[in-house]
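Everything below concerns the one structure shown next.
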Amino acid sequence: MELEADFNMLTSDKFRDECGVVAVFAHPEAEKLAYLGLHALQHRGQESAGIVSSDGLNLHQHKAMGLVADIFTEDVLSRLRGSLALGHTRYSTAGDSALLNAQPIVVQSNKGAIAVAHNGNLVNAVEVRGRLERQGSIFQTNSDTEVIVHLIALSKEHTLPEAMADALRQVEGAFSLVMMSTDRVFAVRDPRGFRPLAMGRIPALEGQTRDTVVFASETCAFDLIGADYVRDVKPGELVVVGPEGITSQFYAKAAPQSSCIFEHVYFSRPDSRVFGRAVQTSREELGREMARESPVEADVVVPVPDSGVTAAVGYAAESGIPFRFGLIRNHYVGRTFIEPSQSVRDFGVKLKLNPVRSLLEGKRVVLIDDSIVRGTTSRKIVRLIRGAGAKEVHMRISCPPTISPCYYGVDTPSKNQLIAANKSVEEIREYIGADSLAYLSLEGLKRACGEGPQISYCSACYTGSYPTNIVDVEEILPAAVRR
Ligand code: SF4
5 MELEADFNML
15 TSDKFRDECG
25 VVAVFAHPEA
35 EKLAYLGLHA
45 LQHRGQESAG
55 IVSSDGLNLH
65 QHKAMGLVAD
75 IFTEDVLSRL
85 RGSLALGHTR
95 YSTAGDSALL
105 NAQPIVVQSN
115 KGAIAVAHNG
125 NLVNAVEVRG
135 RLERQGSIFQ
145 TNSDTEVIVH
155 LIALSKEHTL
165 PEAMADALRQ
175 VEGAFSLVMM
185 STDRVFAVRD
195 PRGFRPLAMG
205 RIPALEGQTR
215 DTVVFASETC
225 AFDLIGADYV
235 RDVKPGELVV
245 VGPEGITSQF
255 YAKAAPQSSC
265 IFEHVYFSRP
275 DSRVFGRAVQ
285 TSREELGREM
295 ARESPVEADV
305 VVPVPDSGVT
315 AAVGYAAESG
325 IPFRFGLIRN
335 HYVGRTFIEP
345 SQSVRDFGVK
355 LKLNPVRSLL
365 EGKRVVLIDD
375 SIVRGTTSRK
385 IVRLIRGAGA
395 KEVHMRISCP
405 PTISPCYYGV
415 DTPSKNQLIA
425 ANKSVEEIRE
435 YIGADSLAYL
445 SLEGLKRACG
455 EGPQISYCSA
465 CYTGSYPTNI
475 VDVEEILPAA
485 VRR
């Protein structure tokens, strides 16, 4: 039991990813492209996935708990044939009701069948849901996305795009949505642009009369399906792709942009472009900024794999200290394992990471990671590195201390579990057992991620200052409904 808790702590002592969405318009194998897109977005959510396709007349769906590769067999995909498709991969807190909340959500409305897939979190979902329930709406799930679906279905507007715009004006928070009717695909971002959503294009195949239009949370999905990045869906924009072509409208007044800076620090893949900027560039810059802000005399720069790797490359390049893979990650660790009868210290961490003694022995090590959430894992990793003979361990974190939870679609622990909300940097250093500890400054973070006239970021989890009104959903809703 104790070892299992130790292992679970290792896997949970990170911010949880959120969701990934993908949409395909006009391709003879749309369901397969959606499937491949979800593969590329698997890092954004590993607990459930779903695909809905349209053959022009009807929507067909399949959703299940688990990983994309396990859920969608040849047989399942053959039942999802269509030329339009939506896909969703989701992180949620595991629980019996989780499949109920898997997406895309499909509903029949007086405007026809609609499928919706959502990345983000609404901050006024409880309030709007209460109002709708008092008016007689019956909810099938406890997901905030269903609020949007009901608002669309109840809208008095006559066309689907107008009904969507009407619904979206009534919700607040983070939403990058892809939606589908039997003959159209819709893509939307909230007016602050919290979560990414990009549009791409695949040139028409021989015999096809039009290009395929695709949308995805991250552009790494485009690379896998051979799509070219066209542009981002803009904050507050509703893009409609149908037989008439591509149209676009801004359904709400522009709000100050608050794109999630943590997408660049941790969530998005380094080979993606999010908010119009290459993640690799930002992440390497984070390392360079850290090296300038918090230099230290050392022999090697070692990343905590995988998320610390790119920042460590930047730190090494700027400082001139050699980069080494001093920690090797076992990528094949599952949730079940046989524990030794003699308890091994830090067994859970050792299952996943192993220090390379020949690189670390007698060395002064700069250890690079992207965050410290509860501090328990960092403490174990520092102990591992020392156990492999390192003389000194200097920890560098590629963002400021995380002091507040996220309400915009990232599963963070509550404030009392965030170590930086409760301890000073010196107290954290002492707790994790490092010789020195430094976080990147907020200014350094924003500079590294290119904040300027083109883009401005949300950094509320580092400042506690939120860009929207916040109702503390943690106190009202079970964690399973948050994305
Ligand atoms: Fe991103 Fe943090 Fe803002 Fe949440 S609070 S959207 S994790 S920057």
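Read left to right, the sequence shown gives residues 5 to 487 (our numbering). Quick reminder that beta carbons are idealized off the backbone N, C-alpha and C, glycines included. Quantities reported herein were computed from a predicted structural model and do not represent experimental measurements.
Which value, in whole angstroms, describes the spacing of the CA atoms of residue i and residue j?
i: A106; j: D310; result: 27 Å
i: T149; j: R133; result: 10 Å
i: Q253; j: L242; result: 5 Å
i: L63; j: K115; result: 14 Å
i: E293; j: L371; result: 15 Å
i: I436; j: G379; result: 7 Å
i: N125; j: G413; result: 4 Å
i: G468; j: N420; result: 14 Å
i: S159; j: I152; result: 11 Å
i: A424; j: E431; result: 9 Å
i: L441; j: E176; result: 38 Å
i: Y470; j: C264; result: 11 Å
i: D350; j: G391; result: 11 Å
i: K450; j: Y461; result: 8 Å
i: E78; j: G324; result: 50 Å
i: G448; j: P344; result: 45 Å
i: A314; j: T381; result: It is Thr, not Ala, that sits at residue 314 in the sequence shown. Taking the straight line from one Cα to the other gives about 20 Å.
i: S446; j: Y255; result: Looking at the sequence itself, residue 446 is Leu, so the reference to Ser does not match. When rounded, the distance between both Cα atoms is 32 Å.
i: A129; j: I389; result: 45 Å
i: G352; j: D373; result: 18 Å
i: G456; j: V278; result: 15 Å
i: P274; j: T285; result: 8 Å
i: E210; j: L422; result: 55 Å
i: S113; j: D227; result: 35 Å
i: I474; j: A464; result: 11 Å
i: P260; j: G204; result: 25 Å
Starting from residue i and walking both ways along the alpha helix (DSSP H), at which residues does that stretch end?
i: V386; result: T380 to G391
i: Q284; result: V283 to E297
i: G318; result: V313 to S323
i: S362; result: R361 to L364
i: R451; result: L446 to A452
i: F351; result: F351 to K356
i: G230; result: Element bounds for G230: n/a, residue is neither H nor E.
Locate the beta strand (DSSP E) running through residue i, then write down its first and last residues.
i: C23; result: C23 to F29
i: K67; result: L63 to M69
i: E396; result: E396 to I401
i: N123; result: G116 to N123
i: A73; result: No beta strand (DSSP E) contains A73, which is instead part of the alpha helix (DSSP H) from V72 to I75.
i: P307; result: V304 to P307
i: Y443; result: S440 to Y443
i: V192; result: V189 to R193
For residue i versus residue j, is the C-beta spacing smaller than 8 Å?
i: A220; j: A202; result: yes
i: S375; j: Y270; result: yes
i: E267; j: N123; result: no
i: H154; j: A121; result: no
i: V72; j: Q46; result: yes
i: A169; j: V237; result: no
i: P405; j: V429; result: yes
i: S402; j: L331; result: no
i: V25; j: V218; result: no
i: S272; j: E322; result: no
i: A231; j: I206; result: yes
i: D59; j: R94; result: no
i: A302; j: V360; result: no
i: I489; j: L37; result: Look at the range of the chain in this structure, 5 to 487, and you will see that residue 489 is not part of it.
Are there any heavy atoms of the ligand SF4 lying less than 7 Å away from the beta-carbon of residue i, as far as the coordinates show?
i: V283; result: no
i: A464; result: yes
i: V429; result: no
i: F198; result: yes
i: F279; result: no
i: C264; result: yes
i: V414; result: yes
i: C410; result: yes
My understanding is that residue i touches residue j, with C-beta atoms under 8 Å, so please give their C-beta distance in whole angstroms.
i: V300; j: M184; result: That pair is no contact at about 52 Å.
i: L472; j: V110; result: A quick correction: the sequence has Thr, not Leu, at residue 472. No, T472 and V110 are not in contact; Cβ-Cβ is about 29 Å, not under 8 Å.
i: I459; j: G280; result: 7 Å
i: V189; j: V245; result: 5 Å
i: K354; j: V337; result: Not really, about 10 Å apart at Cβ, beyond 8 Å.
i: L88; j: A34; result: 5 Å
i: F327; j: V305; result: 5 Å
i: P165; j: P195; result: Not a contact, Cβ separation roughly 17 Å.
i: T186; j: L61; result: 6 Å
i: V182; j: L90; result: 5 Å
Should residue i be listed as close to the ligand FMN, given that the test is whether its C-beta is under 7 Å from any heavy atom?
i: E33; result: What this structure holds is the ligand SF4, not the ligand FMN.
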